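**Q**
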Amino acid sequence: MHCRNPQMCAFWSSLLKDISQKQRDPRQRQVDLRRAYITARFTPATLPAFFTLGDQLDYGGFENRALEAGQEYVFFILAELNSTTGKMFVASPYTDPVIAPDSDPQPLDAGDGLIWVVGPVLAVIFIICIVIAILLYKNKRKDSEPGTKCLLNNAEMMAHNPTDPVEMRRINFQTPGTRTHTHTHTHTRMMSHPPIPISALPEHTERLKANDNLHLSQEYESIDPGQQFTWEHSNLEVNKPKNRYANVIAYDHTRVILAPTDGIMGSDYINANYIDGYRKQNAYIATQGPLPETFGDFWRMVWEQRAASVVMMTKLEEKSRIKCDQYWPSRGTDTYGTVQVTLLDTMELATFCVRTFSLHKSGCNERREVRQFQFTAWPDHGVPEYPTPFLAFLRRVKACNPPDAGPVIVHCSAGVGRTGCFIVIDAMLERIRHERTVDVYGLVTLMRSQRNYMVQTEDQYGFIHEALLEAVACGNTEVAARSLYSYIQNLSQVEAGEHVTGIELEFKRLANSKAHTSRFVSANLPCNKFKNRLVNIMPYETTRVCLQPIRGLEGSDYINASFIDGYRQQRAYIATQGPLAETTEDFWRMLWEHNSTIVVMLTKLREMGREKCHQYWPAERSARYQYFVVDPMAEYNMPQYILREFKVTDARDGQSRTVRQFQFTDWPEQGVPKSGEGFIDFIGQVHKTKEQFGQDGPITVHCRCVTILTLCVWR
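The sequence shown runs 1 to 715 under the UniProt record's numbering.
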């Protein structure tokens, strides 16, 4: 450091060393910190419009020494504030590394070279001053000795400062590893896509989807692909077999480096990269689905990174293609390389599975517990139809991951598409909690500078927005059973500033969710319209129950019915309308083809003088409905319901099965039952009967208009 005042030089040297040691992450510490120096000092009055590094002039008592050609440099800004408690300092995070050009530094209008523009500098200083002011306000009543101290190190900065790695990328227009015009274009695009306040998110999302997703396509295509970085380790011959896909590699500057094994070339390599989260560097590790030859490396990474959560965003096989090899034991214990993995517990739910493992590394006495969260509801093609199950999955991961754990390890097959979706949505939900804004564009740009192809398709980019929109609009409505009473009590109160209760507001939010007519393809066909009891209650194309088509009969595969997921099982229910006279045969065909042997009826045949359901069953003697002969066997009149048993025979081959119908009789024609206790008992009896007779098919539920009462049975 070249400083004219010896005392000042000693003070700044000590401060610089302290900040450097605290701020650098393990990868950055590879730079020789002894060569760190201060190049300039400015007061607000002397802050220039442009500043060129290495011009060999004096600034505030410090020499702006010449830069060494080809040498890698990183920079940060330090703000000083004189207060009643003494001098206080705040340091920004380090910039990404840049390399000094061979020619003499010159100010360039295009932004090339190592030039700091006054706008970003002022932005950082302004943010820093706000942080200091807030901290001073919070601590103004506390006694403290006057003196000089470094107020925040980098970790504290990320915890208190409203900026995060994405914001620093927006402010610092240099892109890591680039020395072309790419970084300038990236900066321009980043600045033209600022964060979106959540109040504007619905309008923003609608704008993206308008004109057949025109703006969504344009925005997605404008994101920097970020493929200008080196991946030399991925290209080593010894490492190529460790890559699941030849074009999905691990950038050198962000790759996860394993502890090398003596004498084994490439033993420090795994196809995995650190990804920054919100206000947290290296919050995630994005990696490919492990291969048999990388199982040991994968578990070694889990151990070395002290990870407590592994997120798996794929099935093992999709469309008859292996997407990921099973890297965990189905039962008991298996050893992968130097790590012993024991399966402790498996919990399978409708849309995801949670497995708990115990890990032990050879040569260590320590045992660790790791959970794997596998999302099983991502379709083989495209993205989920709606984000609700995914958001519930993400919340489960978040709730189970210890705060002091290492990075969350996320993988799909390639570790870029669905993996990117999980990371972006998780990080943006965290941002929403703190800042009430989202910055999908900025985060995807940052992620692509850390691993290639992150958020791989336009559909995935759109799904991210849909998930965030639902999270903002609906919030988290999951509640622990032990807290249910107080939760309902709170919802029953009139909301502040509103004239309705919390329950009414929740229902209003549900009512605001409108489905586009394009989702009702089959239901809107002329040959099927007469099969719908109500014109506004129709099944989505993606979840409708399909019947086996009858040759030569158009629309013969249609019935107004939808599959509904249960808590532990996908397609656990069929929700359908009360059958019409014209659809009775289709109803019995549906029960047979989908092996549904329990039917729940939640209406009377007529209510308020109108037909609510056609009597689709025979009362005294057998009747034939197309291919099926239905024979009444028994009827039991219980206090709140009627149980009817039928023998159903397929006349084509003589096979038969028993179908049981539960008709709940205690629901009034207007309103709801006075107490829910009887209805809960009724639901329990339905499930008890299903378990008793060991039937695997879905429970079919029908009521006035398919939806209202069906939800009561869903859970």
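Ideal Cβ placement from N, Cα and C applies to all residues, glycine included.
Note that the coordinates shown come from a computational prediction; the quantities given were computed from them, not determined experimentally.
(1) Is P379 closer than 7 angstroms to E466 when the C-beta atoms are compared?
(2) Determine the contact status of A286 and T477, defining contact as a CB-CB distance below 7 angstroms.
(3) Helix, strand or coil: which one does DSSP assign to A66?
(4) If you drop the 5 nearest sequence neighbours on each side, which residues of the same chain put their C-beta closer than 8 angstroms to that of Q326?
(5) Quick one: using the 10 Å Cβ neighbour count with 16 as the cut-off for buried, is C324 buried or exposed?
(6) Can you tell me whether Q695 is helix, strand or coil according to DSSP?
(7) From P197 to E348, what does the alpha carbon distance come to, in whole angstroms?
(8) Starting from P202, trace the beta strand (DSSP E) in both directions and tell me its first and last residue.
(9) Can the beta-carbon of Y278 be found closer than 7 angstroms to that of A471?
(10) Taking its Cβ as the centre, do 16 or more other Cβ atoms sit within 10 Å of V599, making it buried, or is it exposed?
(11) Which ranges does the beta strand (DSSP E) cover as unbroken runs of at least 3 residues, wholly within the region 355-433, from first to last along the chain?
(12) Rounded to the nearest angstrom, what separates V256 and G415 at their Cα positions?
(13) Please go through the same chain and pick out, in chain order, the residues whose beta-carbon is closer than 8 angstroms to the beta-carbon of A200, but skip the five residues on each side of it.
(14) In angstroms with no decimal places, state the Cα-to-Cα distance between D212 and E458.
(15) Return the Cβ separation of T597 and Q695 in integer angstroms, given the expectation that the two are a contact with Cβ distance under 8 angstroms.
(16) Roughly how many whole angstroms lie between the Cα atoms of K529 and V521?
(17) Please name the residue, chosen from Y220, A523 and I270, that lies closest to A235 on a Cα-to-Cα basis.
(18) Tell me whether the beta-carbon of residue 787 lies closer than 7 angstroms to the beta-carbon of V370.
(19) In the DSSP assignment, what are the bridge partners of N490?
(20) Measuring alpha carbon to alpha carbon, tell me which of F662, H702 and E677 ends up nearest K688.
(21) May I have the straight-line CA-CA distance separating E430 from A308, to the nearest angstrom?
(22) Where do the ends of the alpha helix (DSSP H) carrying I464 lie?
(23) Going by CA-CA distance only, name the one from E498, V354 and K361 that's closest to M301.
(24) Please state the DSSP three-state secondary structure of P241.
(25) Under 6 angstroms Cβ to Cβ from I322, same chain only, skipping five residues before and after it: list those, please.
(26) Just to confirm, are F373 and V354 a CB contact at a threshold of 7 angstroms?
(27) Give the list of continuous beta strand (DSSP E) stretches no shorter than 3 residues that lie fully inside the region 493-575.
(28) Comparing alpha-carbon positions, which option in H215, P407 and P292 lies nearest N282?
(29) Assign residue 737 to one of two classes, buried (16 or more other C-beta atoms within 10 Å of its C-beta) or exposed (fewer than that).
(30) Decide if Q577 is buried, meaning its Cβ has at least 16 other Cβ atoms within 10 Å, or exposed.
(31) For G382, which option in N536, Q460, R657 and P673 has the closest C-alpha, if you only look at C-alpha atoms?
(32) Around the C-beta of I409, are 16 or more other C-beta atoms found within 10 angstroms, so that it is buried, or is it exposed?
(33) Between Q569 and the rest of its own chain, which residues show a CB-CB distance below 8 angstroms, the 5 nearest in sequence each way excluded?
(34) If we ignore side chains and look at the alpha-carbon of each, how far apart do Q227 and V444 end up?
(35) May I have the straight-line CA-CA distance separating K508 from C474, to the nearest angstrom?
(36) Does the Cβ of K674 have 16 or more other Cβ atoms within 10 Å, making it buried, or fewer, making it exposed?
**A** According to the structure shown:
(1) Result no, Cβ atoms of E466 and P379 do not sit closer than 7 angstroms.
(2) Between A286 and T477, the CB-CB gap reaches or exceeds 7 angstroms.
(3) Under the three-state reduction of DSSP, A66 is assigned to coil, being neither helix nor strand.
(4) Closer than 8 angstroms at Cβ, skipping near neighbours: L316.
(5) Burial is judged here by how many other beta carbons sit within 10 angstroms of a residue's own beta carbon; C324 has at least 16 and is buried.
(6) Three-state result, Q695: coil.
(7) Cα to Cα, the separation comes out at about 37 angstroms.
(8) Premise fails: P202 lies in the alpha helix (DSSP H), L201 to S222, not in any beta strand (DSSP E).
(9) Contact flag unset, no.
(10) Per the 10 Å Cβ criterion, buried.
(11) Every beta strand (DSSP E) of 3 residues or more that sits fully in the region 355-433 is shown, in chain order, as 367-375 and 408-411.
(12) Distance from the CA atom of V256 to the CA atom of G415, rounded to whole angstroms, is 14 angstroms.
(13) Correct list: empty, nothing qualifies.
(14) Cα to Cα, the separation comes out at about 12 angstroms.
(15) Rounded, the Cβ-Cβ distance is 5 angstroms, consistent with contact.
(16) Between K529 and V521, the alpha-carbon positions lie close to 11 angstroms from each other.
(17) The residue asked about is misnamed: residue 235 is Asn in this sequence, not Ala. The shortest C-alpha separation from N235 is found at I270.
(18) With the chain covering 1 to 715 only, the question about residue 787 has no answer from this structure.
(19) Looking at the DSSP assignment, N490 forms no beta bridge with any residue, so it has no partner.
(20) Ranking F662, H702 and E677 by CA distance to the CA of K688 puts F662 first.
(21) E430 and A308: Cα-Cα distance of roughly 19 angstroms.
(22) Under the DSSP assignment, I464 falls in the alpha helix (DSSP H) whose first and last residues are E458 to C474.
(23) Relative to the Cα of M301, the nearest Cα in the group E498, V354 and K361 belongs to K361.
(24) Under the three-state reduction of DSSP output, P241 falls in the helix class.
(25) Result list for I322: empty, nothing under 6 angstroms.
(26) The answer is yes: Cβ separation under 7 angstroms.
(27) Whole beta strand (DSSP E) segments, 3+ residues: 561-564.
(28) The candidate whose alpha carbon is nearest that of N282 is P407.
(29) Nothing can be reported for residue 737: it is not among the residues displayed for the chain, which extend from 1 to 715.
(30) It counts as buried.
(31) It is Q460 whose Cα lies nearest to the Cα of G382.
(32) Buried is the call here.
(33) The beta carbon of Q569 sits closer than 8 angstroms to those of A350, all from its chain and outside the five residues before and after it, given in chain order.
(34) Approximately 13 angstroms between the Cα atoms of the pair.
(35) Going from the Cα of K508 to the Cα of C474 covers about 10 angstroms.
(36) Result: exposed.
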